[in-house]
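Numbering (this note's numbering), first residue to last: 75 to 553. Have a look at the structure below before the remarks.
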Ligand code: 5AD
Ligand code: SF4
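The following block contains the structure:
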C-alpha cells in the first residue's frame, strides 16, 4: 500500500463515520479509522455489514454499544496513536459506558493477533482486514461472554458484492476498491503481512459500482489498491495463481489498462483517478490508456522511496534510479501535462549522505507536484528488520527529512506558479473552508483550486482562470 490518495496523517484524529439516511438500528456502532484510504474504504464495508445486523452508526462514543478502531501499522507512530485512543476508550468505558464492546480492526489487529487481547485488556474483538464478513458471528461470541479473534487472511476475499455505505464524502468524489493485498515484498513494508496476498475484484462489480455512483450524482472515482497497476482479473483468486489459469482464463483476463478503458467509457463526465501505482508494475499500456481518454486524470502517484539505486535494491523495489527516470520521461513524453507525486523514505538502513544527495537530485529532476515524505520506521518481522540494522541516527533521519520536505515545498510552489494565467477545468467538490462565498475543486492534476461561487453548484465542471497560488492551492475566477 503505497500512499493511497488523500493520505491521512497518523497525527490527525481518525475519521468518525456517520451514516446518513441509515436504517434505524436498535444498536449503535462508533467507528474510527486511521491510516490509508483503503482503511477508510474498509470501514464503509464494515458499516454496511453491520447495518444489516441492525446497527446504526453514531458520532457519540458515549452512546455506542460497539466501538471499533480501524488501525494502521505502516509506521510505529501510527500504532502509538491507536494505543492512545484505546486508553481514551478505556476511560470512557469506566466512567460513562461500562457495557461498550471494543474491537480492533485492520492492520494492527492482523499484526498482533491474539497478543492484542493480552496487551490491551479492554479489547473484546480482534478482526483482520479479510474477516469482516465474520463480524456478526464474532459479535455474538462476545455477547456470550467470550473474547473473539479472526485474523485469517484470504486469497479470494474482495468484498465485491458489498455496497459500501458512502458516509463522510462530498457526494461528488468516491473511492472504489479494485485490488486487495500486495505481493511486492518491499523490505521495509509490513503490508504484505497484514493485508495478505494480492487479489483483484471482478471488473463487472467495479463497473456496476462506478455506474451507480455516476447515476447518483458522483463525478469522480478513484480506483483504489495497494498496487493498482498489478490488477489482473482472470476469474478470481490470488494473482500468484494466474500462471496456473486455463488458456481461456488467460485469453479473457482483464488487466489494469483494460479496466481503465472500461471505466472511462461509463461517461465522459465521470473522472477517473487511481492510486497507488508501483513503478515496477506500471505498463506502457496504462500510459496509453491515460493519454487516449480525457476523463482519466493527468495525475499519477508514483512512489519512488529513494533516489539511490543501492538503497532501492536493499528495499527490493524492483527498479533502479535509471529505470524510474526512464518511466517518468516516457510518461511526460506521452502526457506532457501529467502531474506526478511521490512517497519518499529518509534514513533507510545504511543510507549515506551520498544516497541522500541522489534523492535530492532525483527530486530536482522530476520536479514532483506533491510528495509524502517519511522517516524510516523499522517494522517487526519485515525483511529489513530481519536482515539489516536500522543504523541511521534519528537526528540524521530527521535532518534529511526536513531537507526533502523544504525542497518539495519549494518545487510545489514553483509548479503552481507556472499555472498562473492558465485556465483549467475544475470539478467542484464543496465550499471553501474559509468562506461560504467560495467553492473549492480540483484540476485534472489533483491540484486544489479556490474560486468565487458565481452561478454554479457542487458537482459542476467549470473553467477557472488561475490568478494566484500558494504551494498547496491555486486561486482563480470562473471564466
Ligand atoms: N517506514 C517509513 N515509511 C514507510 N512506508 C511504508 N513502510 C514504511 C516504513 N517502514 C511509506 C512508504 C509507502 C507509504 C505508504 O508509507 O513511502 O509508500
Ligand atoms: Fe507498497 Fe511495497 Fe508495501 Fe506493497 S510492499 S504495499 S508495493 S510499499
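For glycine and all other residues, C-beta sits at the position ideal for the given N, C-alpha and C. All values derive from a computational prediction rather than experimental measurement.
Distance from the CA atom of residue 313 to the CA atom of residue 300, rounded to whole angstroms, is 13 Å. In this structure, residue 441 places its C-beta atom within 8 Å of the C-beta atom of residue 489. Per DSSP, the beta bridge partners of residue 175 are 140. Secondary structure remark: continuous beta strand (DSSP E) runs of at least 3 residues inside the segment 275-351, in chain order: 294-298 and 345-349. Remark: the shortest separation between the CB of residue 256 and any heavy atom of the ligand SF4 falls under 7 Å. Contact check for residue 516 and residue 503: beta-carbon distance about 7 Å, within the 8 Å limit, so the pair qualifies. The ligand SF4 never approaches residue 110 closely enough for any of its heavy atoms to be under 7 Å from the residue's Cβ. The C-beta separation of residue 200 from residue 223 comes to about 5 Å, placing the pair in contact by the 8 Å criterion.
Boundaries of the alpha helix (DSSP H) around residue 439: 427-440. One Cα belongs to residue 411, the other to residue 330, and the distance between them is close to 22 Å. Between the alpha carbons of residue 191 and residue 214 lies a distance of about 17 Å. Just measuring C-alpha positions, the residue of 268, 232 and 250 sitting nearest residue 146 is 268. Residue 251 and residue 430 have their alpha carbons spaced roughly 35 Å apart. When C-alpha distances from residue 181 are compared across 409, 319 and 116, the shortest belongs to 116. In this structure, the ligand 5AD has no non-hydrogen atom nearer than 7 Å to the beta-carbon of residue 403.
With the rule of 3 Cβ pairs closer than 8 Å, the segment 265-284 does not count as touching the segment 404-423.
Residue 156 and residue 510 have their alpha carbons spaced roughly 35 Å apart. Between the alpha carbons of residue 458 and residue 423 lies a distance of about 8 Å. The alpha carbon of residue 324 has as its nearest neighbour, out of 445, 461, 309 and 129, the alpha carbon of 309. Residues of the same chain with a CB within less than 6 Å of the CB of residue 150, apart from the 5 flanking positions on each side, are 451 in chain order. Beta bridge pairing from DSSP links residue 512 with 526.
Using a cutoff of 7 Å, the CB of residue 149 counts as near the ligand 5AD, since one of the ligand's heavy atoms is closer than that. Taking 8 Å as the upper bound for CB-CB distance, residue 176 and residue 198 are in contact here, some 6 Å apart. Between the ligand 5AD and residue 486, a heavy atom-to-CB distance of less than 7 Å is absent. Residue pairing for residue 537: DSSP places it in a beta bridge opposite 499. Between residue 196 and residue 142, the CB-CB gap reaches or exceeds 8 Å. Where residue 131 is concerned, the enclosing beta strand (DSSP E) starts and stops at 129-131. Under DSSP, residue 249 forms a beta bridge with 296.
Between the C-alpha atoms of residue 162 and residue 136 there is a straight-line separation of about 11 Å. Secondary structure remark: continuous alpha helix (DSSP H) runs of at least 4 residues inside the segment 176-239, in chain order: 181-186, 189-193 and 209-217.
Between the C-alpha atoms of residue 328 and residue 484 there is a straight-line separation of about 41 Å. Comparing alpha-carbon positions, the option among 487, 119 and 272 lying closest to residue 543 turns out to be 487. Annotation: residue 383 to residue 333 spans about 32 Å, alpha carbon to alpha carbon. Taken from the Cβ of residue 263, at least one heavy atom of the ligand 5AD lies inside 7 Å.
Look at residue 417: its beta carbon is less than 7 Å from one of the heavy atoms in the ligand 5AD.
Residue 419 holds the alpha-carbon nearest to the alpha-carbon of residue 262 among 475, 446, 492 and 419.
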